[in-house]
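Read the structure below first, then the notes.
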Amino acid sequence: MAARASSLDYRRAGVDVRAAEKLVPKFARLARGTSGASVLAGVGPFAAAVKIPRGYRDPLLLTATDGVGTKLLVAKLAGRHDTIGIDLVAMCVNDILTTGGRPLCFLDYLATGSLAGIDAEAIVAGIATGCRLAGASLVGGETAEMPGMYGRGDYDLAGFAVGVVERRAMITGRGVRPGQLVVGLPSTGLHSNGYSLARAALGIGRRRVQRTLLEQLLTPTAIYVKPVLGALREFPVKAMAHVTGGGIPGNLVRVLPRGCAAVIERSALPRLEILERIETEGRVARAEMERTFNAGIGFLLVVSRKHGDALCEFLRRRRVRARVVGRIVAGRRGVRFRG
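Spelled out as structure tokens, the structure:
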């Protein structure tokens, strides 16, 4: 009599529930290292509970969600996954920051074909680091093992941030007027946008590349929360923009009212070696570079002329090399470069 074949179960189908369960206490420990006083219930229950901090009279909740795009492929090539989580947090909390609000909590979604093929603990450790840098609490997340959807070693990340702002203090761009200045905060590199063009221009994935180049491309996205919140307590900022996909033109325009345009001086922008290399090796047109990458600036603030220099000095004392990069002029709503 033939031996009975082994019965099919979830693990044989490609989903290792035990492997996921072993990660939960590790994730919970990382989350506890970020937990602030506002967290009433974090990792563990079906839903996290976070209270609005004291001191708000008419608070508004803010939400943002984002990912890190094909920067994940660079992380895979480099075999390094401990910083990609910082990028994920940065992409969300910097968006929250543009309203003048502070991030309260963060959740992540990690999807992969097999947990055995990725370093999930390193990924979440990076998310926890990003939360600490932003002053946000990591309160939960979802880890999805989906065989057949992703190849071995492949994964995707999404992040979700919740913040709070006082209604009367919310920054919307309504106070932007001609004659005001645009102050730029430097980026650390490409941040988390334009990687498909960067990979094509530099031949990544088609030929062997130096480890130093991969490390350069993996430089984490800057988190501007703490220095900018400090600046908002001292200066009447009129508008702010997080420079992500679409570059400076595609993001600054979002906070300009009708009748206002922004002129950005190319001579005031930082020169990033990685951007020059992409432009040269990929033969990418300058206009394409400016509407794809951040041009060395990761965050923008619009202030009155009388506050421009003082704001830059305030931020420099906090190790942020702020500089005036442009001005607001009367005209058709839009952003243009000069020089």
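Going by our numbering, the first residue of the sequence shown is number 24, and it counts up by one from there. The beta carbon of each residue, even a glycine, is placed where N, CA and C say it ideally should be.
Local conformation of residue i per DSSP, three classes
{"i": "G153", "result": "helix"}
{"i": "V214", "result": "First, the residue type needs correcting, since residue 214 is His and not Val in the sequence shown. DSSP places H214 in coil when its eight states are reduced to three."}
{"i": "P48", "result": "helix"}
{"i": "R35", "result": "coil"}
{"i": "V41", "result": "The sequence shown places Arg at residue 41, not Val. R41 falls in the helix class under three-state DSSP."}
{"i": "G270", "result": "helix"}
{"i": "I141", "result": "coil"}
{"i": "A148", "result": "helix"}
{"i": "V276", "result": "helix"}
{"i": "M24", "result": "Only weak support is given to the placement of M24: the predicted model assigns it a pLDDT of 48, under 50, and the question is left unresolved by the model."}
Continuous beta strand (DSSP E) stretch holding residue i: start and end
{"i": "T166", "result": "160-168"}
{"i": "R346", "result": "346-353"}
{"i": "D118", "result": "Not the beta strand (DSSP E): D118 falls in the alpha helix (DSSP H), residues 107-120."}
{"i": "A129", "result": "The displayed chain sequence assigns Phe, not Ala, to residue 129. First-last of the beta strand (DSSP E) with F129: 125-135."}
{"i": "F258", "result": "No beta strand (DSSP E) contains F258, which DSSP labels as neither H nor E."}
{"i": "G357", "result": "357-361"}
Cβ-based neighbour list, residue i, same chain, cut-off 8 Å, excluding 5 preceding and 5 following
{"i": "K49", "result": "E144, V147"}
{"i": "L292", "result": "G207, A318, G319, I320, V348"}
{"i": "G357", "result": "P272, V276, L279, A284, A285"}
{"i": "G182", "result": "T88, D89, G90, L111, V112, M114, C115, F129, L130, D131, Y132, I150"}
{"i": "K99", "result": "G176, D177"}
{"i": "F258", "result": "V326, H330, A333, L334, F337"}
{"i": "L138", "result": "D39, A42, A43, L46, T166, E168"}
{"i": "V205", "result": "L275, A285, I287, L323, L324, V325, V347, V348, G349, R350, I351"}
{"i": "P76", "result": "A60, S61, L127, V187"}
Contact set for residue i: own chain, Cβ-Cβ below 6 Å, skip 5 residues either direction
{"i": "D142", "result": "H104"}
{"i": "G198", "result": "K261"}
{"i": "L156", "result": "I246"}
{"i": "R341", "result": "P250"}
{"i": "G282", "result": "none"}
{"i": "A51", "result": "V66"}
{"i": "T57", "result": "A151, C154, R155, S160, L161"}
{"i": "K94", "result": "S215, Y218"}
In DSSP terms, what residue i is bridged to
{"i": "V62", "result": "V73"}
{"i": "L323", "result": "G207, A264"}
Residues near residue i by beta carbon distance below 7 Å, same chain, minus five either side
{"i": "T122", "result": "L85, V188, M193, I194"}
{"i": "E304", "result": "A224, L225"}
{"i": "R355", "result": "A284"}
{"i": "G59", "result": "S160"}
{"i": "R372", "result": "Residue 372 lies beyond the range of the chain shown here (24 to 362); nothing can be said about it."}
Segment limits, alpha helix (DSSP H) that includes residue i
{"i": "P250", "result": "248-255"}
{"i": "L338", "result": "331-339"}
Test: residue i CB closer than 8 Å to a CB of chain C
{"i": "A54", "result": "Considering every chain present, this structure includes no chain C. It has just one protein chain."}
Residue i CB to nearest heavy atom of the ligand FAD below 7 Å
{"i": "L84", "result": "With respect to the ligand FAD, the structure offers nothing, as it holds no ligand at all."}
Ignoring anything shorter than 3 residues or poking outside the segment 74-103, list the beta strand (DSSP E) runs there in chain order.
Inside the segment 74-103, DSSP marks whole beta strand (DSSP E) runs of 3 or more residues at positions 82-89, from first to last along the chain.
Kindly provide the ranges of any alpha helix (DSSP H) runs that are 4 or more residues long and lie completely inside the segment 179-239, ordered along the chain.
218-225, all fully within the segment 179-239.
Could you give the uninterrupted runs of the beta strand (DSSP E) lying entirely in the segment 278-326, keeping only those of 3 residues or more?
Runs of the beta strand (DSSP E) lying entirely within the segment 278-326, each at least 3 residues long, are 283-288, 320-326 in chain order.
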